[in-house]
Amino acid sequence: TKNLFINGAMQVAQRGTSHTGSGGFATLDRMYSTNQVIDVDLITTQHALTSSDTGPWEEGFRYSLKQSQGYQSTVAANSYVTMGQRIEAQDIAQSGWNYLSSSSYLTLSFWVMASTAQTYYGFLKTKDGTEKMYPFSFALSANTWTKITKKIPGDSSLQFDSNNAEGLDVNISAYWGTNFTDSGTALNTWANWSSSGRSPVNTSTWFTTNGGAFEVTGLQLEV
2 TKNLFINGAM QVAQRGTSHT GSGGFATLDR MYSTNQVIDV DLITTQHALT
52 SSDTGPWEEG FRYSLKQSQG YQSTVAANSY VTMGQRIEAQ DIAQSGWNYL
102 SSSSYLTLSF WVMASTAQTY YGFLKTKDGT EKMYPFSFAL SANTWTKITK
152 KIPGDSSLQF DSNNAEGLDV NISAYWGTNF TDSGTALNTW ANWSSSGRSP
202 VNTSTWFTTN GGAFEVTGLQ LEV
């Protein structure tokens, strides 16, 4: 089956292998890493894995996209640390996924490790027609690579135009501040996009831990 992600193994980094700072910026090819922090800038790197990275190493992955957090004295409502990839609409429209059918699925999988044990969140967001979102959660133990797999159904409300504009944003997040979260956000179902409800309320432990790390590799999205 065809992986709809490009560079999901995080091995291509033509624009550089590290970046320090806030805001959105180019990192590994096709990936984005974006953040808004307060006291200490986030460091984003192409991290070389070793045989001690049990899980992804055995599957052949040799690099991850790693976000390293410095000490934050305050948790601001507009803070966030997030990464992902935006896929062209034509790649989804022509993938063979019957995205209008609830019995046709995409499978999203990835390896992820965080330095703090807690529940983290991600979402899929469509861009054509009425913007839709599909939030999901994943629980991690500290400093342990975990493979996450999500089976995502189609929905009659989805639209993907056959062009090279952004069609599907697949987002994986270490933290969203309260400006972006809502306790009423439903997981594992399609809903209208809500900028203020991208996920349920996040635990801030990872965000306020000095030296916190969050890294992802092996991104796969398959029909």
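Numbering (our numbering), first residue to last: 2 to 224.
Where is the CB? At the ideal position from N, CA and C, for every residue including glycine.
Open item on the list: In the DSSP output, what is Gly24 paired with across the bridge?
Closed with: BP columns for Gly24 point to Asn36.
- [ ] Going by CA-CA distance only, name the one from Ser34, Thr179, Ser138 that's closest to Ser110.
- [x] Ser110 has its Cα closest to that of Ser138, out of Ser34, Thr179, Ser138.
TODO: Below 7 angstroms CB to CB, which residues in the same chain sit around His48 once its five sequence neighbours on both sides are set aside?
DONE: Around His48: Tyr64, Ser65, Lys67, Glu216.
Open item on the list: Run through the DSSP bridge pairs and tell me what Ala143 is partnered with.
Closed with: Ala115
TODO: Determine the DSSP secondary structure at Gln91, reduced to helix, strand or coil.
DONE: helix
Task: Backbone CA spacing between Thr131 and Gly9 [nearest angstrom] - done: 28 angstroms
Task: Proximity below 7 angstroms, CB of Asp162 to CB of Asp183 - done: no
Open item on the list: Tell me whether the segment 70 to 89 and the segment 172 to 189 touch, counting them as touching only if at least three CB pairs, one residue from each stretch, are closer than 8 angstroms.
Closed with: Counting Cβ pairs under 8 angstroms, three or more are found: they touch.
Open item on the list: For Tyr106, which residues in the same chain have their Cβ closer than 7 angstroms to its Cβ, ignoring the five residues on either side in sequence?
Closed with: Lys152, Ile153, Pro154
- [ ] Quick one: residues in its chain with C-beta nearer than 7 angstroms to the C-beta of Gly17, no 5 flanking neighbours on either side, listed in chain order?
- [x] none
Task: Contacts around Ile149, its chain only, beta-carbon distance under 7 angstroms, and the 5 residues preceding and following it disregarded - done: So the qualifying residues of the chain are Ser110, Phe111, Val113, Phe139.
Open item on the list: Relative to the C-alpha of Leu43, which candidate in Ser52, Ser53, Thr28 has its C-alpha closest?
Closed with: Thr28
TODO: Report buried or exposed for Asp54, applying the criterion of at least 16 other Cβ atoms within 10 angstroms of its Cβ.
DONE: With at least 16 other beta carbons inside 10 angstroms of its own, Asp54 counts as buried.
Task: Contact check, Thr127 vs Ala143, beta carbons under 7 angstroms - done: Thr127 is not a Cβ neighbour of Ala143, given a cutoff of 7 angstroms.
- [ ] Measure the CB-CB distance between Glu223 and Thr147 and report whether it falls below 7 angstroms.
- [x] no
Open item on the list: According to DSSP, simplified to helix, strand and coil, what is Thr204?
Closed with: coil
Task: For Ser69, the first and last residue of its enclosing beta strand (DSSP E) - done: Here the beta strand (DSSP E) through Ser69 covers 64 to 69.
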